[in-house]
């Protein structure tokens, strides 16, 4: 299995500049505390999974109903994720496929907010202070459809 996991030595030989940048990022992570949700600290197990051959696979669709062949092992891992999410949240159904944080935020907003109810408000960190476009920016769906109150930080 080691042959198919991340090979740091191979990267260092083939592109030492990228390897150095990755090493520098690791050192930065180890010396700072990031409080941005989209920059969560991945566990060693998650990093190992992301560096595996699963990263080579495009698997559009759902388990057992993909648009491309060769997804049987992706189906195994996604089915495990769905079952674990259902158990964790006590839900009958779960979807573990958001493409990005923007789609995930949109799903949550759609589930909990009514765009026609101005009394519902969301507190969101403004973009220049580390927030995200989906935290109520006027150029994003979140700022057009929902009522956001922006906040700033000074440190």
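In this note's numbering, the protein residues as written are 5 to 159. Heads up, the beta-carbon is just placed ideally off N, CA and C, and yes, glycines get one too.
The beta carbon of residue 152 is closer than 6 Å to those of 126, 128, 140 in its chain, skipping five residues each way along the sequence. Annotation: residue 115 to residue 109 spans about 10 Å, alpha carbon to alpha carbon.
Taking all protein chains in view, the Cβ of residue 44 is surrounded by fewer than 16 other Cβ atoms within 10 Å, so the residue is classified as exposed. DSSP, reduced to helix, strand and coil, places residue 145 within a helical segment of the structure shown.
If the five residues before and after residue 135 are omitted, its C-beta is found closer than 6 Å to the C-beta atoms of 128, 129, all from its own chain and listed in chain order.
With 16 or more other Cβ atoms from the protein chains shown falling within 10 Å of its own Cβ, residue 144 counts as buried. Residue 156 has its alpha-carbon roughly 44 Å from the corresponding atom of residue 71. Going by DSSP, residue 125 is part of the beta strand (DSSP E) stretching over 125-129.
Inter-segment contact for the stretch 21-39 and the stretch 54-67 is absent: fewer than three beta-carbon pairs are separated by less than 8 Å.
Restricting attention to 94, 46, 19, 61, the CA atom closest to the CA of residue 30 is found in 46. For the 7 Å CB-CB criterion, residue 100 and residue 80 do not form a contact.
With respect to residue 117, residue 107 sits apart: the two C-beta atoms are not nearer than 7 Å. At the C-beta level, residue 102 and residue 82 stay beyond 7 Å of one another.
About 19 Å separates the Cβ atoms of residue 78 and residue 90, ruling out a contact at the 8 Å cut-off.
If you look at residue 77, you'll find it in the alpha helix (DSSP H) that goes 76-93.
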